[in-house]
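What follows is a short report on a single structure.
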Amino acid sequence: MAVHRGSARAAPASDKVQKSKSAQTSGQKQGSRMQKILGFEWTDLSSWQSVVTLLNRPTDPANLAVFRFLFAFLMLLDIPQERGLSSLDRKYLDGLDVCRFPLLDALRPLPLDWMYLVYTIMFLGTSVDGLLNAQKKNAHVPLWNYTVLRGQIFIVYFIAGVKKLDADWVGGYSMEHLSRHWLFSPFKLVLSEELTSLLVVHWCGLLLDLSAGFLLFFDASRPIGLVFVSYFHCMNSQLFSIGMFPYVMLASSPLFCSADWPRKLVVRCPKRLQELLPAKAAPRPSASCVYQRARGKAGQKAGLRHQLGAVFTLLYLLEQLFLPYSHFLTQGYNNWTNGLYGYSWDMMVHSRSHQHVKITYRDGRTGELGYLNPGVFTQSRRWKDHADMLKQYATCLSLLLPKYNVTEPQIYFDIWVSINDRFQQRLFDPRVDIVQAVWSPFQHTPWVQPLLMDLSPWRTKLQDIKSSLDNHTEVVFIADFPGLHLENFVSEDLGNTSIQLLQGEVTVELVAQQKNQTLREGEKMQLPAGEYHKVYTVSASPSCYMYVYVNTTEVALEQDLAYLQELKEKVENGSETGPLPPDLQPLLEGEVKGGPEPTPLIQTFLRRQRKLQEIERRRNSPLHERFLRFVLRKLYVFRRSFLMTRISLRNLLLGRPSLEQLAQEVTYANLRPFEPVDESSASNIDSSNPNPSEPDSEHVHSEF
C-alpha cells in the first residue's frame, strides 16, 4: 500500500488526559492543517519513540528509485570525464615525477594498471543491492531515507544563501564580470551591465539560495521552486566548469515531490509504454519500516534497527549543519577564505585573479639562487590559494630538486592575488622557507599574509580609474606590506609605463641606473622599458600604488593589421585600382602559393584571418552540427576510456606485452575516427574569443 505524506498518524501520547469536545475538534483541525503543510503532527515529535516511528514510517520507494537511477547514470558519465578515466595514463603514469595533494600525505596512487582497476570498480559500483536482494525490489523504505536526502539538499541551498550574505556578495563584487556572459543578454535589454551584475547575478542569486529549500518543501510553492532551481542549475552548467554538480542538483529536485509521483506518471503513459516501465503495483511491506495499526489497536514496536536509523538521520543532519561553521577547528585550512576547497556552499562566493607567481629556490649548501616555472612538477593549479597545498608542493619540490643538483633546497613563494576586485597583494610571506615552515591542520598558519580589508572601500575609486582609461591603456593596482618590496621587470613592449602612489610611501629603485626616488601620495614617475626596478614600502602602513602602461608593440601591430584589412577590402570592392606589391598578394589569395616567404606581419594577418573564419563558421553552424560535434567529443572520451581500461585489465590478467605493441594500442586509443581532420584540428579553438591570440608573435607580458 502506497503511503503518502498524510496517510499515517501517530497515536496520542497519553489517553489519560481528558479534553472537551471543542478542544478535541480544534486540535484535530489544527493537526490536520499541520499534517497537510509539514507532513507530520506535533504528536509525532512528542517523544523519542514517536520520532523513531515517524522517521521509519513506510514510504513509497518510487521517487527514491528514480533519483538513484539518475544519480548512478550521472556518475557513469562523470567517471570518464570529471574523474579523469579518459586521461588516467597522463595523471598516474608509472615513474612520473608529479607533486600531488591528497588530504592525507601518506596516500599514494597505485601503479597505473591498478588505478584502472580501481576506476573500473567505481564505474561498476552503481546500486545493485536491488538485484542482489530480491526482497528490496518494490518494497517500502523508511521515511528517513527521504529525510536525509531532502535535508542535505535543503542545507546546500540555505547555507549557500547564508554565505552570500557576505558584504562582497551583497555589494556585487564577488562575480562582477559574470554578467558579460551571453546568458544574461535578455536581462541587459532592460538593465545596464552593472545593474544586471548587482540585481540579477548577486541579489537574485542570494534570494534563490535562501528560498529554494523552502519553495521545494511546501506543496503550494513547489512548482515555482522547481522552475527557478531548474533554470538556475541550467545556467550554472554553462557559466562554470563544475562538473556534474548542476545535473546532480537537477536530478535531486524531484525528491521533494510526492513519493509516488513516478507511479502516477506511469499510469498516464500509453499501455505499450507501460509494459517497458517498472511495475506499477503497490510496494510490499518491509521490515525496515514501522507500521501503525488502526486506531485502538497496538502498532508495531520500533526495534534496534529503527532506533539506529533515527539516530543516524539526526546525527547526519546535525553534522551537515555544523560542518560549514567548523573552520575554528581546522584553522590550518583557513586562508583569506575558510576551509578546504570544494564545499558546495562556498563555491563561487569569491573570485580571484593571480597577477604574479614566483617560485625561488636556494641551495642550502652553496646559497645559489634559482627560479622555477610556476606549476612545475604538478598538474594542479589550486596550490596557489591554499596553505596546506603550498606546504605539500614545497615538500615535494624539496625531494625532487636534488635530482637536479640542488642540495637541501629552500623554497620561497611570492604569490600576488586579488580577491573580489581588491588590490593585488601577497597571499603568503615571501621571506619564509615553506619547506621548513610550520603547518598544522588545527592551528593558524603564521606565514599567511592577512587580507587588507581596510582597503576594500578603494574598490569604487579603482573602478572609476579603470573606466577613465582608453582601450589601449591597462592598469594594475598593487598593495604591499611595510618592510617588503616588489621586484619587477618592464618589458620592452611596454613603451609607456608609469607608477603612481595612491597611499603610503614607497621608494623606487632603478636597478640599472642605480637611482632611487621616493614617491608620496599622488606622485608618479615614468619607468624605463627593458629594465628591472624595485618598489620598497617604507611607510608604517601598507602602501597602495598602480602601474599604468600601454603595450606599444601590440598597438602598432593592431594598427598594421587594421591597415592590411582595410587594404584587402578596398581591393575586393574595387576602390583600390592599383596593383598590389608581390609581398601583399597573399592578402587576396588567403594563403602562400610559392614565391618568396611572406613577411611576419603578413603571416600573422593570414593566421588571424583563418582563425576568425573558422570561429565564424563554427559560431554560425546549424544546431544539428553543434550537437554532432558535442556528441563526437564525448564519444572520443568514452572510447578512449574503454580502450585504455581494456589494455590495463589485460596487463593485470595476462601480463604486459612488448613496448611496441603497447605503443600501437595507445596510438589506436588516441585516434579520433569519428571526427573529420579539420574538426579535430580545430577542436581547441575557442569560439567565444573574437580576437584569437597569435602564438608565434613576439608579444611578451611583464610581470605587471
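Start counting the sequence shown at 1; every next residue gets the next number (UniProt numbering). For glycine and all other residues, C-beta sits at the position ideal for the given N, C-alpha and C. Small disclaimer: the values here were computed from a predicted structure and weren't measured.
As the crow flies, the alpha-carbon of Ser326 is around 27 angstroms from that of Ser253.
The three-state secondary structure of Tyr231, taken from DSSP, is helix.
With 16 or more other Cβ atoms from the protein chains shown falling within 10 Å of its own Cβ, Val201 counts as buried. For Cys396, the enclosing alpha helix (DSSP H) begins and ends at 387–400. Straight-line measurement puts the Cα of Gln355 at about 29 angstroms from the Cα of Asp105.
A direct Cα-Cα distance of roughly 8 angstroms separates Leu455 from Arg422. Nearest neighbour of Trp144 by Cα position, chosen from Asp493, Leu255, Gln609, turns out to be Leu255. DSSP lists Asp414 as the bridge partner or partners of Lys358. Looking only at Asp260, Asp113, Leu635, Ile602, the smallest Cα-Cα distance to Pro278 is reached by Asp260. Nearest Cα to Tyr545 within the set Leu462, Glu616, Glu625: Leu462.
Closest in C-alpha terms to Val417, from the list Ala62, Arg426, Ile411, comes Arg426. According to the DSSP assignment, Tyr371 belongs to no alpha helix (DSSP H) but to the beta strand (DSSP E) extending over 369–372.
Contact between the stretch 538–556 and the stretch 461–476 is established, with three or more Cβ pairs separated by less than 8 angstroms. Note on geometry: alpha-carbon atoms of Arg272 and Lys136 lie some 26 angstroms from one another.
Ala669 carries a helical assignment under DSSP once its states are collapsed to helix, strand and coil. The three-state secondary structure of Thr599, taken from DSSP, is coil. If you draw a 10 Å sphere on the C-beta of Ser398, you find 16 or more other C-beta atoms in it, and that means buried. Exclusion of the five residues before and after Trp439 leaves Gly332, Ala387, Asp388, Lys391, Thr445 as the residues of its chain whose Cβ lies within less than 7 angstroms of its Cβ. A Cβ-Cβ separation of about 11 angstroms leaves Phe428 out of contact with Ile411 under the 8 angstroms criterion. Scanning its chain for C-beta atoms nearer than 7 angstroms, with the 5 sequence neighbours on each side dropped, one finds around Gln238 the residues Leu183, in chain order. For the 8 angstroms CB-CB criterion, Leu107 and Tyr92 do not form a contact.
The Cβ-Cβ distance between Arg352 and Asn138 does not fall below 8 angstroms.
Secondary structure at Ile121: helix, using DSSP grouped into helix, strand and coil. Its chain contains Phe442 as the residues whose beta carbon lies nearer than 7 angstroms to that of Leu329, once the 5 sequence neighbours on both sides are disregarded; these appear in chain order. The stretch 497–504 makes contact with the stretch 534–544; the number of CB pairs closer than 8 angstroms reaches 3 or more. Taking His140 as the centre and dropping the five residues before and after it, the same chain places the C-beta of Val3, Pro58, Thr59, Asp60, Pro61, Pro283, Arg284, Pro285, Ser286, Ser288, Cys289 closer than 8 angstroms to its C-beta, in chain order.
Annotation for Gln559: no residue places its beta carbon closer than 6 angstroms to its own, counting only its chain and skipping 5 residues before and after.
Collapsing the DSSP output to three states places Thr330 in coil. The straight-line gap separating the alpha-carbon atoms of Pro374 and Asn335 is approximately 20 angstroms. DSSP, read as helix, strand or coil, puts Cys544 in strand. With respect to the 8 angstroms criterion, Thr497 and Thr507 are not classified as neighbours on the basis of their beta carbons. Looking only at Ile224, Phe67, Phe489, Pro402, the smallest Cα-Cα distance to Gly364 is reached by Pro402. Annotated three-state conformation of Glu194 is helix, per DSSP.
If you draw a 10 Å sphere on the C-beta of Trp383, you find 16 or more other C-beta atoms in it, and that means buried. With a contact defined as Cβ atoms closer than 8 angstroms, Leu210 and Gly161 qualify at about 3 angstroms. Taking the CA atoms as reference points, Ile419 sits about 9 angstroms from Tyr173.
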